[in-house]
Amino acid sequence: MSSTATATATVPPSGANLRPLRPLPAPPSRPYTILQSTAPSKVTKPRSTGTSSEKKEARKLAHSDIERKRRLKINHQFDQLKALVPACTQFKAASGGDSGLHKLEILQHTVRYIEHLHTCLQLSRRGSSEDDSDDSQRRMSIASLLS
Numbered sequence: 001m002s003s004t005a006t007a008t009a010t011v012p013p014s015g016a017n018l019r020p021l022r023p024l025p026a027p028p029s030r031p032y033t034i035l036q037s038t039a040p041s042k043v044t045k046p047r048s049t050g051t052s053s054e055k056k057e058a059r060k061l062a063h064s065d066i067e068r069k070r071r072l073k074i075n076h077q078f079d080q081l082k083a084l085v086p087a088c089t090q091f092k093a094a095s096g097g098d099s100g101l102h103k104l105e106i107l108q109h110t111v112r113y114i115e116h117l118h119t120c121l122q123l124s125r126r127g128s129s130e131d132d133s134d135d136s137q138r139r140m141s142i143a144s145l146l147s
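If you're matching positions, the sequence shown starts at 1 in UniProt numbering and goes up one per residue.
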């Protein structure tokens with residue numbers, strides 16, 4: 001084909017035998033709207049040749065692996081909290097082995113310890129002119145945290 005070729009339309013001669021156009025269908029009885037998606041179009045991955053059950057199994061295994069790694073990270077963070085909070089480390093020493101603390105207990109001890117540290121910080125900012133009653137209250141709060 002040459003690049004200079006032009007398309008020509010054939011026009012039937014006048015008086016030619018033309019068929020009438022079909023009538024348009026009636027509009028729907030209910031009004032409808034055309035929705036346009038604002039989401040970007042999906043990028044499709046090349047299809048693998050495996051069966052659908054093989055794909056499901058691969059997805060299931062990948063999800064299980066991701067979930068297992070997530071749980072390991074969470075448990076590692078709880079172990080770090082247990083090592084930092086005195087009430088948790090004292091409980092571990094008293095039990096003579098693995099602390100056996102539940103995650104909820106670790107969080108409760110951690111919240112109490114942070115509240116105690118916050119109180120100590122406020123008291124130190126006020127100044128160290130405390131009388132003996134304040135000192136005994138502080139000792140009692142520390143003892144309650146450690147138990």
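All residues carry an ideal CB built from backbone N, CA and C; glycine is no exception.
{"Item": "Exposure label - Ala87; buried when at least 16 CB within 10 Å", "Value": "buried"}
{"Item": "Distance, Lys82 Cα to Gly100 Cα", "Value": "11 Å"}
{"Item": "Leu123 to Lys103 span [Cα, whole Å]", "Value": "30 Å"}
{"Item": "Segments of 4+ residues assigned as alpha helix (DSSP H) that fall wholly inside the segment 56 to 110", "Value": "86 to 95"}
{"Item": "Own chain, CB closer than 7 Å to Ser53, minus 5 neighbours either side, in chain order", "Value": "none"}
{"Item": "Alpha-carbon to alpha-carbon, Lys55 and residue 174", "Value": "Here the chain has residues from 1 to 147 only, and residue 174 is not among them."}
{"Item": "For Val85, the nearest candidate out of Lys69, Leu107 and Asp65 (CA to CA)", "Value": "Leu107"}
{"Item": "Three-way DSSP call (helix, strand, coil) for Thr51 in this model", "Value": "coil"}
{"Item": "Pick from Asp65, Leu121 and Phe91 that is closest to His109, judged by C-alpha positions", "Value": "Phe91"}
{"Item": "Rounded C-alpha distance that separates Ile66 from Leu72", "Value": "10 Å"}
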